[in-house]
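First residue of the sequence shown: 932, per the numbering used here; consecutive thereafter. No residue lacks a Cβ here, since even glycine has one placed at the ideal position from N, Cα and C. If you're wondering where the values come from, they're calculated on a predicted model, not measured in any experiment. Accompanying notes for the structure given below.
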Amino acid sequence: MILSRTPLWAQMLFPRIILIVSLLAVGIFSFTIALGLTIGGFLAAGINYIVLYKKVLRPIRIIRMFNKQQIEECTPEDCSIMTIPEDLIPNGELGEVMRSRNMMLKMLETALRHEQENYKRIMKLEKLKDDLSHMIIHDLKSPLGIMLLTLDILKNNNKPARDKTHLAQQAVKSGKDMQRMIQNLLDISKMEEGKLVLHRSLTHFDQLIRETITEMRDSGLLEQRTLVINNKVSGLHVMIDPDLIHRVLLNLFSNAIKHTRVNGRIEIHVESEPSANELLVEVVDNGGGIPPEYHKKIFEQFEQVNIKDQRTGSGLGLAFCKMAVEAHGGRIWVESEEGKGSAFIFSIPLKKTHESLNGRNETRTNNIVPFSTGT
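Next comes the structure, spelled out in structure tokens:
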């Protein structure tokens, strides 16, 4: 009835409207699904990017940020700057890579610092070598000049015999000064290379001191100076290398004479220390003294102490004394105050001394043998 009353055109249009509405509904539903999928895809991509940035891109950016300078051009300070802070390092494999890089930079920093220190040490040694050359030339020039001058004067036959003897003594003294300086330098080099061998023998220490003093007196070194000897171990024999200890005494006596004023006093004390079982030798002068900050430095090679008008020379004599005494198992030191003179003291063990000869370790005993004039 209803359809019969509906106009014909409406009856024909109604199905088409239903179809169009259905198609629109399907289209909207499909669009909604597509839009949802698209939005979901973007969200997934965003999440993936965030994860990728956090896990990959950000660590790589951090590495690039801390890697602005080439490794080959690094200084220790650059290595420290390029080290990635621990709080910026993520977990996972890239984090391990970054930690490995930090470890590599730390090792490189340590190596570069060692290289810098070695370079500074080499430059210091080069400077010391240059200074040494100048000092040795200067120190050899003085005795050589005196020797040539005295020999030139000796050519004049009009000089009295006494004057000629004195001039000859001066020439001999200058020659021995040069010889001792050169021998000190050679022996220091041998000691540093471990090539110096001690030739020990049972030595009468009193006689060794007397021979050294006689040599100094014959050279005219003790003129206008008072020498006092206080020997509390008369008749003592010790197992030493007599040549080395003789030269230790010569260096210490020469040093005392050089720093003792004219008409000054030099004292030599020899005694044994029962508790330490060692021989002590002390050489005292009344010179200008040595400040405390130089008490250890003066035994190092090439060290000079400039106090007022005093000059210590090339710095080889006391360095040789230290090495020679220590090679015997002893020790050497100075007790001094500026302006109050100096006391140089060295010790030699009297019990057992170890030495290495031809690759063999031998133990010898420094026997205290009473000196007898009948032997």
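Cβ of residue i within 7 angstroms of Cβ of residue j?
i: S1105; j: P1074; result: yes
i: A1187; j: V1214; result: yes
i: T1143; j: L1181; result: yes
i: G1218; j: K1271; result: no
i: D1172; j: L1139; result: no
i: N1033; j: T1014; result: yes
Once you ignore the five residues that flank residue i on each side, which residues in its own chain have a CB closer than 8 angstroms to its CB?
i: E1257; result: I1263
i: Q1155; result: V1193 and N1194
i: H1177; result: L1139, E1142 and T1143
i: T1081; result: L1098, A1099, Q1101, A1102 and S1105
i: L1079; result: none
i: N1022; result: none
i: M1035; result: none
Expressed to the nearest angstrom, what Euclidean distance is found between the alpha-carbon atoms of residue i and residue j?
i: Q1114; j: N1208; result: 31 angstroms
i: S1031; j: L1043; result: 18 angstroms
i: K1037; j: I1229; result: 39 angstroms
i: P1175; j: L1247; result: Note on residue identity: the sequence assigns Leu, not Pro, to residue 1175. Their backbone Cα atoms lie some 14 angstroms apart in a straight line.
i: N1049; j: L1056; result: 10 angstroms
i: I1077; j: G1260; result: 38 angstroms
i: A1255; j: S1267; result: 22 angstroms
i: H1226; j: S1273; result: 10 angstroms
i: N1289; j: L1085; result: Interpretation of N1289 is limited by its pLDDT of 36, a score under 50 that renders its predicted location unreliable; the figure taken from the coordinates is listed afterwards. Roughly 48 angstroms separates the two Cα atoms.
i: L1153; j: L1116; result: 25 angstroms
i: I1020; j: Q1047; result: 30 angstroms
i: L1127; j: H1045; result: 31 angstroms
i: I970; j: E1017; result: 37 angstroms
i: E1204; j: R1196; result: 25 angstroms
i: R1052; j: D1118; result: 23 angstroms
i: K1095; j: M1054; result: 49 angstroms
i: V1179; j: D1083; result: 32 angstroms
i: K1058; j: E1224; result: 22 angstroms
i: G1125; j: E1024; result: 52 angstroms
Near residue i, what residues of its chain come up, given a Cβ to Cβ distance below 6 angstroms and the 5 sequence neighbours on each side ignored?
i: E1198; result: V1159 and V1215
i: F1275; result: L1183, V1214 and V1265
i: S1278; result: E1209, L1211, G1261 and R1262
i: P1222; result: E1269
i: K1189; result: none
Suppose the cutoff is 7 angstroms on Cβ atoms and the five residues either side in sequence are ignored; what does the same chain contact list for residue i look like?
i: L1071; result: M1109 and M1112
i: K1163; result: V1201 and E1202
i: T1306; result: Since pLDDT at T1306 reaches only 31, below the 50 mark, its modelled position is unreliable, and the value read off the structure follows with that caveat. There are no such residues.
i: E1027; result: none
i: K1253; result: F1230 and I1263
Of the residues the options, which one's Cα is nearest the Cα of residue i?
i: T1191; options: E1224, T1157, K1095 and H1200; result: T1157
i: D1137; options: R1131, N1161 and D1118; result: N1161
i: G1166; options: V1179, H1135 and E1204; result: H1135
i: H1206; options: K1189, P1280, K1051 and D1118; result: In the sequence as displayed, the identity of residue 1206 is Ser instead of His. Of K1189, P1280, K1051 and D1118, the residue nearest in Cα terms is P1280.
i: E896; options: S1185, M1035 and E1224; result: Residue 896 is absent from the structure shown; the chain starts at 932 and stops at 1306.
So, does the CB of residue i fall closer than 7 angstroms to a CB anywhere in chain C?
i: Q1100; result: Protein chain content of the structure displayed is limited to a single chain, and chain C is not contained in it.
At what residue ranges does the stretch 1165-1190 contain a whole run of the beta strand (DSSP E), taking only runs of 3 or more?
1168-1171
Fully enclosed by the stretch 1077-1148, which alpha helix (DSSP H) runs are 4 residues long or longer?
1092-1124
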